[in-house]
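K.L.:
The structure's right below; bear with me while I get my questions together.
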Amino acid sequence: MRVYRWSRGRVGGNFTGYREGKLLLLEHVGARSGVTRTSPLMYVEDGAAVAVAASKAGQPEHPGWYHNLIAHPDTTIQIGGEVRPVRARVANPAERERLWPRFVATVPDFAFYQRHAGTRTIPVVLLEPR
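Taking my numbering, the leading residue of the sequence shown gets 21, the next gets one more, and so forth.
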């Protein structure tokens, strides 16, 4: 993450192995701990917002950052050299249905993650400008 920040996203700005898979840095505050953390996440653009998928590589539970955003939705993201204040919200079913195929088209592993997650529907989280 230091290299991403230092290079303003020129190094480490793509999802490994996928040219189209762009990465952002998500800052989030621990739901229980209150500790600020940073997670690199693949994203797709959706108008002025960006969307991230809480896949946890198909594990049966949601990632920690997802729970943190539910508790503290106002946060910041860094895309390249730009830091943006955003508010997180879980995509509604129609939004998820529209956005999920874009994740799979960009990084086909997302289809495996959803199959591997079993009964858990992987949430899509919209990070909207505030």
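Beta carbons: idealized from backbone N, C-alpha and C, even for Gly.
(1) Under the DSSP definition of a beta bridge, which residues are partnered with residue 129?
(2) Using the DSSP secondary-structure output, state which residues sit across from residue 105 in a beta bridge.
(3) Output yes or no for whether 8 Å exceeds the beta carbon distance between residue 151 and residue 45.
(4) Would you report the Cα separation of residue 137 and residue 101, rounded to the nearest angstrom?
(5) So, is residue 88 buried or exposed, given that buried needs 16 or more other C-beta atoms within 10 angstroms?
(6) Looking at the unbroken alpha helix (DSSP H) that takes in residue 91, where does it start and where does it end?
(7) Which partner residues does residue 141 have in the DSSP bridge list?
(8) With 16 other CB atoms within 10 Å as the buried threshold, where does residue 75 fall?
(9) Count the other C-beta atoms from every protein chain shown that fall within 10 angstroms of the C-beta of residue 129, then say buried if there are 16 or more, exposed otherwise.
(10) My assumption, with CB atoms under 8 Å, is that residue 161 sits in contact with residue 146. Please give the rounded CB distance.
(11) Starting from the C-beta of residue 122, find all residues in its chain whose C-beta is less than 6 Å away, skip the five residues before and the five after it, and write them out in chain order.
(12) As a quick exercise: from 134, 91, 115 and 139, pick the residue whose alpha carbon is nearest that of residue 67.
P.N.:
According to the data block:
(1) As a working mapping, residue 129 is identified with position 109 in the sequence shown. None; residue 129 has no bridge partner.
(2) In the sequence shown, counting from the first residue as 1, residue 105 sits at position 85. Residue 105 pairs with 96.
(3) Coverage of the chain is limited to positions 21 through 150, which leaves residue 151 absent and any answer about it impossible.
(4) Along the sequence shown, one-based indexing puts residue 137 at 117. Along the sequence shown, one-based indexing puts residue 101 at 81. For residue 137 and residue 101, the gap between their C-alpha atoms comes out near 34 Å.
(5) In the sequence shown, the residue the question calls residue 88 occupies position 68. Burial call: buried.
(6) As a first step, residue 91 is located in the sequence shown; it is residue number 71 there, counting from the start. From DSSP, the alpha helix (DSSP H) with residue 91 extends over 84 to 91.
(7) Here residue 141 refers to the residue found at position 121 of the sequence shown. Per DSSP, none; premise fails for residue 141.
(8) For the purposes of this step, residue 75 is taken as residue 55 along the sequence shown, with counting starting at 1. Answer is buried; the Cβ neighbour count reaches 16.
(9) As a working note, residue 129 is residue 109 in the sequence shown. Looking at its Cβ environment, which holds 16 or more other Cβ atoms inside 10 Å, residue 129 is buried.
(10) Residue 161 falls outside the range modelled here, since the chain spans only 21 to 150, and no answer is possible.
(11) Start at 1 with the first residue of the sequence shown, and residue 122 comes out as number 102. Closer than 6 Å at the Cβ level, and outside the excluded window around residue 122, lie 64.
(12) Along the sequence shown, one-based indexing puts residue 67 at 47. The option with the nearest alpha carbon to residue 67 is 115.
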